[in-house]
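Let me begin by presenting the structure, written as structure tokens, before commenting on it.
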Amino acid sequence: MIPSNKVSVHGQESCEVFPLNIGTLVAAVERKENPIPAPPSEVQDKISFIMNNVSAANIESKEKEFTESLSIQYYPWFAQYVVMKRVSTERKFHALYLNFLDKVNSRPLYKEIVQATYDNCKVLLGSELIKSSSEERSLLKNLGSWLGKVTIGRNHVLRAREIDPKSLILDAYEKGLLIAIIPFTTKVLESCQSSIVYQPPNPWTMSILGLLAEIYSMPQLKMNLMFDIEVFFKNLGVDIKHVKPTSFLKGRTREVDGNPDFSNKDFGVAQGSQPHMINELESEYISPHNRAELTTNAAGHSKSLSQIMTVTVRSLLKDASDKKTALNPLPYFRFFINLLLDSSSPGPMEDGANYQVLIDFANAFHALQPLNIPAFSFAWLELVSHRSFMPKLLSLNGQKGWPYFQRLLVGLLKFLEPLLRDVERRPSVHLLYKGTLKVLLVLLHDYPEFLCDYHFTFCNVIPSSCIQMRNIVLCSSPRNMRLPNPFTPNLKIDLLPAPRILAEVDAALKEEQMKTHLDEYLSMRQHDSSFLNELKQRLLLPASEADSAGTRYNVPLVNSLVLYVGLQAVQQREAEAEGQWNANVAALQMFKFLSWELDTEGRFMLLSAMANQLRYPNSHTHYFATTILSLFYESDHEIVKEQITRVLLERLIVQQPHPWGLLITLRELIKNDGFWEQKYAPYIKKLIQFVARSYGGLKPDIVST
Numbered sequence: 026m027i028p029s030n031k032v033s034v035h036g037q038e039s040c041e042v043f044p045l046n047i048g049t050l051v052a053a054v055e056r057k058e059n060p061i062p063a064p065p066s067e068v069q070d071k072i073s074f075i076m077n078n079v080s081a082a083n084i085e086s087k088e089k090e091f092t093e094s095l096s097i098q099y100y101p102w103f104a105q106y107v108v109m110k111r112v113s114t115e116r117k118f119h120a121l122y123l124n125f126l127d128k129v130n131s132r133p134l135y136k137e138i139v140q141a142t143y144d145n146c147k148v149l150l151g152s153e154l155i156k157s158s159s160e161e162r163s164l165l166k167n168l169g170s171w172l173g174k175v176t177i178g179r180n181h182v183l184r185a186r187e188i189d190p191k192s193l194i195l196d197a198y199e200k201g202l203l204i205a206i207i208p209f210t211t212k213v214l215e216s217c218q219s220s221i222v223y224q225p226p227n228p229w230t231m232s233i234l235g236l237l238a239e240i241y242s243m244p245q246l247k248m249n250l251m252f253d254i255e256v257f258f259k260n261l262g263v264d265i266k267h268v269k270p271t272s273f274l275k276g277r278t279r280e281v282d283g284n285p286d287f288s289n290k291d292f293g294v295a296q297g298s299q300p301h302m303i304n305e306l307e308s309e310y311i312s313p314h315n316r317a318e319l320t321t322n323a324a325g326h327s328k329s330l331s332q333i334m335t336v337t338v339r340s341l342l343k344d345a346s347d348k349k350t351a352l353n354p355l356p357y358f359r360f361f362i363n364l365l366l367d368s369s370s371p372g373p374m375e376d377g378a379n380y381q382v383l384i385d386f387a388n389a390f391h392a393l394q395p396l397n398i399p400a401f402s403f404a405w406l407e408l409v410s411h412r413s414f415m416p417k418l419l420s421l422n423g424q425k426g427w428p429y430f431q432r433l434l435v436g437l438l439k440f441l442e443p444l445l446r447d448v449e450r451r452p453s454v455h456l457l458y459k460g461t462l463k464v465l466l467v468l469l470h471d472y473p474e475f476l477c478d479y480h481f482t483f484c485n486v487i488p489s490s491c492i493q494m495r496n497i498v499l500c501s502s503p504r505n506m507r508l509p510n511p512f513t514p515n516l517k518i519d520l521l522p523a524p525r526i527l528a529e530v531d532a533a534l535k536e537e538q539m540k541t542h543l544d545e546y547l548s549m550r551q552h553d554s555s556f557l558n559e560l561k562q563r564l565l566l567p568a569s570e571a572d573s574a575g576t577r578y579n580v581p582l583v584n585s586l587v588l589y590v591g592l593q594a595v596q597q598r599e600a601e602a603e604g605q606w607n608a609n610v611a612a613l614q615m616f617k618f619l620s621w622e623l624d625t626e627g628r629f630m631l632l633s634a635m636a637n638q639l640r641y642p643n644s645h646t647h648y649f650a651t652t653i654l655s656l657f658y659e660s661d662h663e664i665v666k667e668q669i670t671r672v673l674l675e676r677l678i679v680q681q682p683h684p685w686g687l688l689i690t691l692r693e694l695i696k697n698d699g700f701w702e703q704k705y706a707p708y709i710k711k712l713i714q715f716v717a718r719s720y721g722g723l724k725p726d727i728v729s730t
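Here it is in structure tokens:
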């Protein structure tokens with residue numbers, strides 16, 4: 026018996042922890058004639074708990090718990106559990122799991138782990154869904170990466186009778202399975218770079234590299250496979266131009282129909298489907314039905330456009346790789362502009378074809394984003410904000426285009442984030458920043474719901490120094506909502522509904538394996554301070570990542586923690602009888618502890634994450650405004666009060682627009698006499714007066730000491 030992919034919380038199953046579907050692997054285990062002996066359920070739970078909580082900091086203690094809990098007879102069960110439930114879905118933690126195995130230092134266990142890896146790889150390689158299911162291909166890639174680490178990466182033999190990369194590639198070429206086998210094989214062989222035995226120019230390795238070079242040189246090979254091969258060679262430090270292609274595939278036939286590895290366009294059929302020239306003359310005088318013939322070819326037009334863009338993207342990426350900053354973006358920019366204008370010109374095109382054209386453009390622009398080609402940044406920004414692309418993509422029925430444009434905007438913000446940390450910016454960076462602000466302002470005016478629904482995702486990648494940019498995102502509100510003056514007396518917002526959030530709020534918590542313990546803490550009536558002490562440390566980034574991130578704290582994790590806890594508190598409050606707030610005790614206790622115990626930088630990140638939820642009138646704005654005010658009035662630490670004031674005020678002294686929820690919170694803060702008793706209050710009095718009077722709703726005598 027293999028544990029389910031759910032974690033037990035107070036005896037009940039909840040909280041999915043695996044984003045990928047491992048149904049094929051589970052079914053293979055259940056079909057075995059001789060089931061794997063499983064330990065008692067309490068041992069399974071304990072092992073699951075150990076693997077949920079193991080980290081670099083506690084690996085020695087967890088290894089000791091593991092050794093004491095699991096006897097050697099259950100090693101096959103543990104190997105299948107780790108490989109199927111952990112390794113296949115959690116590629117980020119492969120290094121941690123390898124370190125854990127090293128600490129256990131058991132040859133029988135390592136042998137079982139390797140065998141379970143082979144078995145699960147073979148299950149996916151034989152799956153009928155491997156060609157059509159991207160989830161199964163992702164599982165296979167993860168298992169391939171792990172297989173390489175536990176065999177080649179440790180200078181152990183990759184057993185050909187179990188997995189033979191060369192035979193797999195040859196067979197996949199004939200059956201149209203390169204879409205799955207190339208990524209799998211390259212992941213297995215990536216470990217050659219750290220292997221003394223298998224590192225190039227090892228003959229076995231070089232023969233496979235030659236086979237991949239032969240495939241790479243084939244015409245009409247799909248771009249994603251070319252990218253996989255290019256990245257693999259780059260990671261190995263081998264120039265593909267210097268590898269002699271083999272001739273293993275000569276004389277071999279491959280599937281043509283439905284082959285996802287190659288673009289097999291039948292040009293004879295395509296020519297036959299074109300309207301004859303004489304029809305164009307006849308249509309003016311004889312028959313209007315030929316107009317229908319043109320519309321039937323819309324799908325062909327879309328496919329041709331997609332192929333043209335694929336070739337252009339590939340050419341631009343190669344040009345950028347060769348020329349770096351010397352790249353001339355103008356020819357490519359004009360080409361894409363002409364494509365956009367041609368595809369959006371009046372003409373007969375079905376809705377489905379129009380959708381596909383826009384998605385093709387979105388995917389092409391994603392491949393060309395500034396993170397990949399910095400020298401193309403200005404041209405790229407103008408393309409994605411062009412009137413023939415952005416409005417049409419965001420106006421597709423059912424908001425189908427929103428995720429694609431959100432991905433483009435996040436890519437731009439990720440590129441800008443390290444460049445905008447410095448107060449003194451280069452002129453080119455300042456121009457790109459101003460262009461991004463203009464795009465956000467257009468979105469705020471024309472598509473405010475888009476910014477509303479994705480505000481959480483955008484706030485994760487906007488640097489803390491870009492206050493006005495964040496304000497623009499947080500000022501968005503549903504188009505049909507009229508915002509009241511925030512300084513109106515007796516304004517009530519506690520009964521408003523919750524906003525829609527199109528983001529996986531708990532993604533960072535799941536990634537750091539914190540969600541289960543957080544749910545347990547929030548559901549307990551008596552709260553354990555040990556969890557809070559551990560939480561404070563888990564919000565920190567590893568030292569190796571802190572320098573590149575520009576902060577010691579994991580900002581997406583802090584944002585995820587704050588909003589997730591707030592969501593749980595709001596939902597529990599709405600479920601209880603009116604006037605009862607017992608369900609909010611755990612959340613408020615957590616926020617108080619962190620605001621008191623975190624250092625100055627961590628407290629600023631925490632309060633900023635709360636301020637990110639002070640938006641238009643809704644239940645989230647009410648909850649976080651109330652929480653911030655509670656932290657201010659109940660804290661005995663002056664630094665906490667000072668930082669709360671700073672976080673609110675620094676967002677309100679920049680140029681408008683200002684989030685409505687921020688103004689509400691400031692109003693409630695300065696109405697209290699206790700605020701003006703703070704030592705720093707006289708120094709900011711004029712600033713607060715300026716902010717309040719600019720909205721015409723606050724009497725001068727309220728702002729007094």
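Going by the working numbering, the letters in the sequence shown line up with residues 26 to 730, in that order.
Even glycine gets a Cβ: it sits at the ideal position worked out from N, Cα and C.
Exposure label - residue i; buried when at least 16 CB within 10 Å
{"i": "F91", "result": "buried"}
{"i": "S394", "result": "For clarity, residue 394 is Gln in the given sequence; the question names Ser instead. Under this definition Q394 is a buried residue."}
{"i": "G173", "result": "buried"}
{"i": "F258", "result": "buried"}
{"i": "L168", "result": "buried"}
{"i": "H267", "result": "exposed"}
{"i": "I664", "result": "exposed"}
{"i": "T350", "result": "exposed"}
{"i": "D264", "result": "exposed"}
{"i": "M109", "result": "buried"}
{"i": "S633", "result": "buried"}
{"i": "Q431", "result": "buried"}
Distance between residue j and residue i (C-alpha atoms, nearest Å)
{"i": "E659", "j": "I709", "result": "22 Å"}
{"i": "K117", "j": "S96", "result": "28 Å"}
{"i": "C146", "j": "K166", "result": "9 Å"}
{"i": "Q681", "j": "Q493", "result": "8 Å"}
{"i": "K417", "j": "V175", "result": "49 Å"}
{"i": "S159", "j": "R507", "result": "44 Å"}
{"i": "K348", "j": "I497", "result": "36 Å"}
{"i": "L654", "j": "K696", "result": "11 Å"}
{"i": "F401", "j": "R525", "result": "34 Å"}
{"i": "L619", "j": "Y589", "result": "15 Å"}
{"i": "A81", "j": "K191", "result": "36 Å"}
{"i": "D471", "j": "P503", "result": "11 Å"}
{"i": "T210", "j": "E93", "result": "37 Å"}
{"i": "A532", "j": "I194", "result": "35 Å"}
{"i": "Q596", "j": "R279", "result": "56 Å"}
{"i": "L421", "j": "Q381", "result": "11 Å"}
{"i": "H783", "j": "Q703", "result": "Residue 783 lies beyond the range of the chain shown here (26 to 730); nothing can be said about it."}
{"i": "L276", "j": "L582", "result": "According to the sequence as given, residue 276 is Gly; it is not Leu. When rounded, the distance between both Cα atoms is 54 Å."}
{"i": "V182", "j": "P354", "result": "48 Å"}
DSSP bridge partner residues for residue i (one or two, in chain order)
{"i": "F287", "result": "L246"}
Proximity below 8 Å, CB of residue i to CB of residue j
{"i": "Y705", "j": "E667", "result": "yes"}
{"i": "L631", "j": "L623", "result": "yes"}
{"i": "A53", "j": "Q105", "result": "no"}
{"i": "F414", "j": "L406", "result": "no"}
{"i": "N224", "j": "N260", "result": "Looking at the sequence itself, residue 224 is Gln, so the reference to Asn does not match. Not closer than 8 Å, so no."}
Three-way DSSP call (helix, strand, coil) for residue i in this model
{"i": "L565", "result": "strand"}
{"i": "L560", "result": "helix"}
{"i": "Y578", "result": "strand"}
{"i": "D572", "result": "helix"}
{"i": "L393", "result": "coil"}
{"i": "G48", "result": "helix"}
{"i": "E545", "result": "helix"}
{"i": "A387", "result": "helix"}
{"i": "P428", "result": "helix"}
Any non-hydrogen atom of the ligand HEM within 7 Å of residue i CB
{"i": "Q424", "result": "The model depicted lacks the ligand HEM and carries no ligand whatsoever."}
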